[in-house]
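Colleague: A single structure is presented below for examination.
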Amino acid sequence: MHKLSTISKLSILATLGSLLVAPSLLAQTDTSASSIGLEVSAPLYEFTVDPGQNVQDIIKIRNKGAKSNTFYPRVVDFRSNNIDGTPELLEPGEGDDTYALAKWINFTKEAVTLDSQKSEAFNFNITIPVDAEPGGHYGAILFSTEPIPAVGTGLALEAVVGSLILVRVSGDVNEAASIKEFTTDKQSYETAKVNFDTIVTNSGNTHVQPKGTITIKNLLGGTVAALDVNQLSANVLPGSDRKFTIAWDDPGFKVGYYTATVTLNYGNPAKTMTAQTTFWILPWKTLLIALVVLVVLVVILTQAVKRYNAWVVARAQKQQPSG
């Protein structure tokens, strides 16, 4: 199998990079357009299937360009490329076959010609082998304006657009995740503007969607904030790490030592994982101004007391009878 060229990979990632990051967001904006003038809906598909099952679905494609064009479909596998969840696209057979999906995806049309602003339902099938490996399998259907080159010639597509497909095959599915790191970007802050980074490791054989809350408490144990984690339902693929960054920005005055606890749930039945970190909020500029004001007040008060005492003594001396 030939590999995707660097140019092709970069073009694809620019188009599909957000799909793995924010699937729920895609549900709200269920189209994805590209510089080739093609719009697809929906850009993300998720299926739970049994071995031997056949799945049929459609990708709605629309030519947004000003003239008629022909689009060529192809299938690839993908895996997580970094802790931000960017998908790395692979030719069938290039990556770990354990999580491959492209070889199970098929369609009858080798090309689709659409007039300007016209749309069509592109049919595809996913045929799950009876001996399919349980767990997650990941692929994508891509469309380009260039025919697929012969094997071994490489690819130099200028742009593509397509849909990611996540499949979970039933059986001995292992949902196993843990919190690798839970940190703040600094140890101390002047104000309550704190970024929390939670890195989740997926050691199972299927994708998971950890969701939960970061609870922030002060030195006395009082809760000062509760922040949602992974509101967009992003996935963590098996064998990968995923970072979730959550910002806390409280305009109110905060000072002291704080403890943050992240609690995440995932899987079915639900499993829970938790971690803690600590940090200081020391508004030193405000504290310095307050200290200066306090010193000035103490000096003024001291001088006032001295003057008052001197006045009392002087008055007492004047009132003494002369002998």
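Under my numbering, the residues of the sequence shown are numbered 250 to 572, in order. Don't be surprised by glycine CBs; every beta carbon is placed ideally from N, CA and C.
Are the beta-carbon atoms of V504 and L481 separated by less than 8 Å?
Modeller: With respect to the 8 Å criterion, V504 and L481 are not classified as neighbours on the basis of their beta carbons.
Colleague: Apart from the five residues on each side of it in sequence, which residues of its chain come closer than 7 Å, Cβ to Cβ, to N467?
Modeller: V473, G505 and Y507
Colleague: For T264, which of helix, strand or coil comes out of DSSP?
Modeller: Below a pLDDT of 50, predicted positions are generally treated as unreliable, and T264, at 45, falls in that range; no measurement from the model is reported.
Colleague: Need the endpoints of the beta strand (DSSP E) that N484 sits in, please.
Modeller: Unbroken run through N484: none, as it is neither H nor E.
Colleague: Just checking my contact of T510 with T464 at CB under 8 Å: how many whole Å lie between their CB atoms?
Modeller: 5 Å
Colleague: Between P518 and V485, which are expected to be in contact by the criterion C-beta below 8 Å, what is the C-beta distance as a whole number of angstroms?
Modeller: Going by Cβ atoms, the distance from P518 to V485 rounds to 18 Å, so no, they are not a contact pair.
Colleague: Are the CB atoms of T494 and N444 nearer to each other than 8 Å?
Modeller: yes
Colleague: At what residue ranges does the stretch 506-533 contain a whole run of the beta strand (DSSP E), taking only runs of 3 or more?
Modeller: 520-530
Colleague: Taking the alpha-carbon of P487 as reference, which of V449, Q305 and F502 has the nearest alpha-carbon?
Modeller: V449
Colleague: Starting from I573 and walking both ways along the beta strand (DSSP E), at which residues does that stretch end?
Modeller: Since the first residue shown for the chain is 250 and the last is 572, residue 573 is missing from the structure and cannot be characterised.
Colleague: Alpha carbon to alpha carbon, how far is P292 from F320? Give it in angstroms, no decimals.
Modeller: 16 Å
Colleague: Touching or not, the stretch 293-302 and the stretch 331-339, by the rule of three or more beta carbon pairs under 8 Å?
Modeller: no
Colleague: The beta strand (DSSP E) that contains I390, what's its start and end?
Modeller: G384 to S393
Colleague: Would you tell me roughly how many angstroms separate the C-alpha atoms of N479 and V422, rounded to the nearest one?
Modeller: 23 Å
Colleague: Roughly how many whole angstroms lie between the Cα atoms of D380 and V418?
Modeller: 10 Å
Colleague: Tell whether a beta-carbon distance below 8 Å holds between L287 and K313.
Modeller: yes
Colleague: Does S191 pass the burial test, meaning 16 or more other C-beta atoms within 10 Å, or should it be called exposed?
Modeller: This structure gives no information on residue 191, because the portion of the chain shown stretches from 250 to 572.
Colleague: Say whether chain C places a C-beta atom closer than 8 Å to the C-beta of P341.
Modeller: The structure shown contains no chain C, having only a single protein chain.
Colleague: Do G411 and V289 have their beta-carbon atoms positioned less than 8 Å apart in this structure?
Modeller: Yes, the Cβ-Cβ distance between V289 and G411 is below 8 Å.
Colleague: Going by DSSP in three states, T455 sits in which element: helix, strand or coil?
Modeller: coil
Colleague: How is the beta strand (DSSP E) around L476 delimited, first residue to last?
Modeller: T472 to V478
Colleague: Could you check whether the Cβ of T433 sits closer than 7 Å to any heavy atom belonging to the ligand FMN?
Modeller: Looking for the ligand FMN in the displayed structure turns up nothing, as the structure carries no ligands at all.
Colleague: If you draw a straight line from the C-alpha of A524 to the C-alpha of G388, how long is it?
Modeller: Cα to Cα, A524 sits roughly 33 Å from G388.
Colleague: Shortest alpha-carbon distance to D490 belongs to which of F356, S427, S368 and I354?
Modeller: Closest option to D490, Cα to Cα, is S427.
Colleague: Secondary structure at V562, three-state DSSP: helix, strand or coil?
Modeller: helix
Colleague: Starting from F371, trace the beta strand (DSSP E) both ways and give me its first and last residue.
Modeller: S368 to T376
Colleague: List the DSSP bridge partners of L363.
Modeller: N318
Colleague: In this structure, how does DSSP classify Q302 when only helix, strand and coil are distinguished?
Modeller: coil
Colleague: Take the Cβ of Y557 as the centre, count every other Cβ of all protein chains shown within 10 Å, and call the residue buried at 16 or more, exposed below.
Modeller: With fewer than 16 other Cβ atoms inside 10 Å of its own Cβ, Y557 counts as exposed.
Colleague: Tell me which residue opens and which closes the beta strand (DSSP E) that I465 is part of.
Modeller: K460 to K466
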